[in-house]
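Going by UniProt numbering, 85 is the number at position 85 of the sequence shown; the sequence numbering is gapless. Written below as structure tokens is the structure these notes are about.
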Amino acid sequence: MTDPAVDALRPGAAPAGLDLARLADHLARHRPELAAGPLRAELIAGGKSNLTYLLRLGDREVVLRRPPLGHVLATAHDMAREFRVISALAPTEVPVPDALLLCTDPEVIGAPFYLMERVPGEVFRTRAQTDPLGDERRRALATAMMDTLAALHTVDPAAVGLSDFGRPEGYLARQVRRWAGQLDLSRSRPLPGIDELRDVLAATAPEGANAGRIVHGDYRLDNLLASADPVAVHAVLDWEMATLGDPLADLGLLLTYWDVLGGSETAAGNPVADGLGPRAGFPTGAELIDRYAGRSDVDVGPLHWHVALGCFKLAVICEGIHYRHTLGQTLGAGFDRIGDMVAPLVAHGLTAARER
Numbered sequence: 001m002t003d004p005a006v007d008a009l010r011p012g013a014a015p016a017g018l019d020l021a022r023l024a025d026h027l028a029r030h031r032p033e034l035a036a037g038p039l040r041a042e043l044i045a046g047g048k049s050n051l052t053y054l055l056r057l058g059d060r061e062v063v064l065r066r067p068p069l070g071h072v073l074a075t076a077h078d079m080a081r082e083f084r085v086i087s088a089l090a091p092t093e094v095p096v097p098d099a100l101l102l103c104t105d106p107e108v109i110g111a112p113f114y115l116m117e118r119v120p121g122e123v124f125r126t127r128a129q130t131d132p133l134g135d136e137r138r139r140a141l142a143t144a145m146m147d148t149l150a151a152l153h154t155v156d157p158a159a160v161g162l163s164d165f166g167r168p169e170g171y172l173a174r175q176v177r178r179w180a181g182q183l184d185l186s187r188s189r190p191l192p193g194i195d196e197l198r199d200v201l202a203a204t205a206p207e208g209a210n211a212g213r214i215v216h217g218d219y220r221l222d223n224l225l226a227s228a229d230p231v232a233v234h235a236v237l238d239w240e241m242a243t244l245g246d247p248l249a250d251l252g253l254l255l256t257y258w259d260v261l262g263g264s265e266t267a268a269g270n271p272v273a274d275g276l277g278p279r280a281g282f283p284t285g286a287e288l289i290d291r292y293a294g295r296s297d298v299d300v301g302p303l304h305w306h307v308a309l310g311c312f313k314l315a316v317i318c319e320g321i322h323y324r325h326t327l328g329q330t331l332g333a334g335f336d337r338i339g340d341m342v343a344p345l346v347a348h349g350l351t352a353a354r355e356r
């Protein structure tokens, strides 16, 4: 995993959130081939939720994922789910890193974690990265992103051992309740309009005609490892919210990142959406949906409600990150502006929820 901003550490030093001595001992007992050389670790900057580290094990490089420090919302940072879904998708057309080891014992490094192979590629997150691509490669990258999502949504869960990975019935209404509960655990300041958005979504939740597909839960450009020359997607990352549900939820959230944040000047310089969307020279959200519809058997239909859900979900996520930042429990840069995104997300969500 090659995020361009990596916090370099002294050889042998342990970044926050890791106990290298305990980790080395665990590897020696459970995966001795990974413990053959000296262990070094670096925090990969850019992640705004789970923490991601690059581990150098002698001549080998692997990636470790663990929940954030402090204020961890229940079910929001489930390492076992991430490990299970990338393991299941390995033989499919969906590109994922090879899963190496799951540890559910929090005594080892202070939280559950898993290891996966390091995949070459770049996380395209900022205008400094996406502007040099030019129009043709930006379009090709967006196309590859949508083709990969279509490939995910056409995987038969039962065929890859994921038939019990979630409860498709009532998924959308349950999503509203879940994120409403997460909001209540993250409130630290007045949030005008967010309760109204919650209530409108709860009162109008559709049944979800496409329920039962594998849903990523946070699909966007900077959750992919990709290359620009040639343009290709090498791995889909950050599966912490994956489940079985309605794939339109993935599309609605993607449009929230792409058009709501990526299409607005209020997102300029924001670490979540700075390099995304039409404002950054990419195709419009409508063009992305057309590409997806041509590669998938999912009935796309109107997406207003799903965009509203995406706005609500992302507002809650941003508020949770903002709360952790106020408590000094975030690692890396760029967290000071996350809280500014909540109000415009709520406003757009209310507008989308009222559309018919």
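Every residue gets a Cβ at the ideal spot worked out from N, C-alpha and C, and that includes glycine. All values derive from a computational prediction rather than experimental measurement.
Query, Result
"Beta carbon of V301 nearer than 8 Å to that of L253", "It is worth fixing the name first, because residue 301 is Gly in this sequence and not Val. Their beta carbons are not under 8 Å apart, which means G301 does not touch L253 by this criterion."
"P91 vs A235 beta-carbon contact at 8 Å", "no"
"Three-state secondary structure assigned by DSSP to Y292", "helix"
"Nearest-angstrom Cβ-Cβ length linking D250 and V307, presumed shorter than 8 Å", "Not confirmed; about 12 Å, so no contact."
"Coil, strand or helix - P91 by DSSP", "coil"
"Three-state secondary structure (DSSP) of F113", "strand"
"Rounded straight-line distance, which links the Cα of G193 to that of V346", "6 Å"
"Residue range of the alpha helix (DSSP H) that includes L172", "171-186"
"Assigned exposure category for L18 - 16 Cβ within 10 Å defines buried", "buried"
"Cβ-Cβ distance between T148 and P95 below 8 Å", "yes"
"For L57, three-class secondary structure by DSSP", "strand"
"For V260, three-class secondary structure by DSSP", "helix"
"Cβ contact (3+ pairs, closer than 8 Å) linking the segment 166-177 and the segment 193-210", "yes"
"Backbone CA spacing between W305 and G262 [nearest angstrom]", "19 Å"
"Simplified DSSP state of L248, which is helix, strand or coil", "helix"
"Runs of alpha helix (DSSP H) wholly within the segment 141-167 (minimum 4 residues, chain order)", "none"
"Residues bridged to C311 (per DSSP)", "DSSP output for C311 lists no bridge partner at all."
"Collapsed DSSP secondary structure at R65 in the structure displayed", "strand"
"Buried or exposed (CB count within 10 angstroms, at least 16 for buried), V342", "buried"
"Inter-residue Cα distance where the pair is R127 and R29", "44 Å"
"A315 versus E107, L89, R198, residue with shortest Cα-Cα distance", "R198"
"contact_flag[the segment 101-111, the segment 140-147] where n(CB pairs < 8 Å) is 3 or more", "no"
"Rounded C-alpha distance that separates A150 from L89", "14 Å"
"Every unbroken alpha helix (DSSP H) within the segment 183-233, with a cutoff of 4 residues, ordered by chain", "194-204"
"Closest Cα partner of G112 within the set L244, A80, V85, A158", "Going by the sequence as given, residue 112 is Pro instead of Gly. The residue with the shortest Cα to Cα distance from P112 is A80."
"Whether F124 touches A226 by CB criterion (8 Å)", "yes"
"Limits of the unbroken alpha helix (DSSP H) element including A28", "20-30"
"With 16 other Cβ atoms within 10 Å as the buried cut-off, status of P283", "buried"
"Residue environment, P120, which counts as buried when at least 16 other CB atoms sit within 10 Å", "exposed"
"Collapsed DSSP secondary structure at H348 in the structure displayed", "helix"
"CB of R324 within 8 Å of CB of P168, strictly", "no"
"Residues of its chain near R22, where Cβ-Cβ distance is below 7 Å and the 5 sequence neighbours each way are ignored", "V108, I109"
"Rounded C-alpha distance that separates D246 from L100", "29 Å"
"Boundaries (first-last residue) of the alpha helix (DSSP H) holding R127", "127-130"
"Opening and closing residue of the beta strand (DSSP E) in which A41 lies", "39-44"
"Residue span of the beta strand (DSSP E) that contains L327, given as start and end", "Premise fails: L327 is in no beta strand (DSSP E) and is neither H nor E."
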